[in-house]
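Reminder that position 21 of the sequence shown reads as 433 in our numbering, one-by-one numbering, no gaps.
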Amino acid sequence: MSLVLPAYIQRDPDYYVTDFSEYMTGAQPHDWSKRWGAAHYTPTVETSSGSLSGKALRFNITVTGGLGFFSWDRVSPAADVEILARGRVITNPLNTINTFTRLGARGAGGVGSEMAYSALAFYHTSAGTDWRIQTNKNVSGISSIISGPTDGPSPTISSTGPSVWIWTRFRIQGSSISRKSWQHGASEPAFQDTISDASITAAGWVGDYVAEQQIHMRETDFFSVALRGKTASSSKR
Numbered sequence: 413m414s415l416v417l418p419a420y421i422q423r424d425p426d427y428y429v430t431d432f433s434e435y436m437t438g439a440q441p442h443d444w445s446k447r448w449g450a451a452h453y454t455p456t457v458e459t460s461s462g463s464l465s466g467k468a469l470r471f472n473i474t475v476t477g478g479l480g481f482f483s484w485d486r487v488s489p490a491a492d493v494e495i496l497a498r499g500r501v502i503t504n505p506l507n508t509i510n511t512f513t514r515l516g517a518r519g520a521g522g523v524g525s526e527m528a529y530s531a532l533a534f535y536h537t538s539a540g541t542d543w544r545i546q547t548n549k550n551v552s553g554i555s556s557i558i559s560g561p562t563d564g565p566s567p568t569i570s571s572t573g574p575s576v577w578i579w580t581r582f583r584i585q586g587s588s589i590s591r592k593s594w595q596h597g598a599s600e601p602a603f604q605d606t607i608s609d610a611s612i613t614a615a616g617w618v619g620d621y622v623a624e625q626q627i628h629m630r631e632t633d634f635f636s637v638a639l640r641g642k643t644a645s646s647s648k649r
């Protein structure tokens, strides 16, 4: 009689993916943490029509001008990382500057000494396609733009959201920083920008960067991370 053993499923420890279906609604996800800027936004998982799983991580932005980092604590502090996420604004109508996605990496520090790189895609009425993309850094609490802003790719975004989902892929490898954003339903493009910056080299938090110029609500329904030079998955593993 032969012994039949169950299949062994190997999980690559360099990949992390969530569509937020595993989290309780109405509460902050249990393995995510506010690192700085806790007072100006509330992050909760909510039921979301049109999302991939029926749930999304919602950010209710109640104060403008602050800096916040909401880290995914399942991911160990990392230096070389790629993040892929999908988000949208659920304020209707969209205001002059509303963020669709803003991804953060190499996060560290405290209030007044914030450290992080971030890639963002945001609605903007003066853009030719009504949205823009850029890359920022915070070094010892000082924020600056290191790439962009440039207009997001076509088609033009309607101001009557919440309907438009935006994908952003953000990659940091050594001093090389790349990002791209595109509308859901369009083909994923090549990286739209790659720059070199060595201001922040240490491993740090990975997550959502919250720094908003206007009070609004946005949500993320997919968040994928890959470490050590790998490519973040576009599907839940």
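Ideal Cβ positions, reconstructed from N, Cα and C, are used throughout, including at glycine.
| Asked | Found |
| --- | --- |
| What is the C-beta distance between residue 547 and residue 486, in whole angstroms, given that I count them as a contact (C-beta under 8 Å)? | Actually they are not in contact, since the Cβ atoms of residue 547 and residue 486 sit about 25 Å apart, beyond 8 Å. |
| Under 7 Å Cβ to Cβ from residue 568, same chain only, skipping five residues before and after it: list those, please. | 541 and 542 |
| Taking one C-beta from the stretch 457 to 467 and one from the stretch 605 to 623 each time, how about it: are there three or more such pairs within less than 8 Å? | no |
| What does a CB cutoff of less than 6 Å around residue 508 pick up in its chain, not counting 5 residues either side in sequence? | 537 |
| How would you call residue 414, buried or exposed, if buried means at least 16 neighbouring beta carbons within 10 angstroms? | At residue 414, the pLDDT of 44 sits below 50, so the modelled position is not reliable and the matter cannot be decided from this model. |
| I'd like to know whether the C-beta atoms of residue 650 and residue 494 end up nearer to each other than 9 Å. | The displayed coordinates of the chain run from 413 to 649. Any statement about residue 650 would go beyond what the structure contains. |
| Could you check if residue 521 is buried or exposed, using at least 16 other CB atoms within 10 Å of its CB as the buried criterion? | buried |
| Specify the secondary structure class of residue 623 as computed by DSSP and reduced to three states. | coil |
| To the nearest angstrom, how far is the alpha carbon of residue 581 from that of residue 593? | 6 Å |
| For residue 627 versus residue 474, is the C-beta spacing smaller than 9 Å? | yes |
| Taking the Cβ atom as the reference point for each residue, do residue 470 and residue 460 lie within a distance shorter than 9 Å? | yes |
| Residue 544 and residue 561 look like a contact to me (Cβ under 8 Å); what is the Cβ gap, rounded to whole Å? | 4 Å |
| Express the C-alpha separation of residue 477 and residue 636 in angstroms, rounding to a whole number. | 27 Å |
| For residue 431 versus residue 648, is the C-beta spacing smaller than 9 Å? | yes |
| Look at the alpha carbon of residue 575 and the alpha carbon of residue 610, and state the distance between them as a whole number of angstroms. | 37 Å |
| Is residue 594 near the ligand GDP, going by C-beta to nearest heavy atom under 8 Å? | The ligand GDP is absent from the structure shown, which contains no ligands of any kind. |
| Please return the same chain residues whose Cβ sits closer than 7 Å to the Cβ of residue 533, not counting the five positions on each side in sequence. | 512, 513, 543, 545, 564, 578, 580 and 593 |
| How would you call residue 481, buried or exposed, if buried means at least 16 neighbouring beta carbons within 10 angstroms? | buried |
| By how many angstroms is the C-alpha of residue 438 removed from the C-alpha of residue 472? | 12 Å |
| Can you check the stretch 512 to 542 for any beta strand (DSSP E) of at least 3 residues that lies completely inside it and give the ranges in chain order? | 527 to 536 |
| Please confirm whether residue 556 and residue 519 have their CB atoms less than 9 Å apart. | no |
| Rounded to a whole number of angstroms, what is the C-alpha to C-alpha distance between residue 456 and residue 531? | 22 Å |
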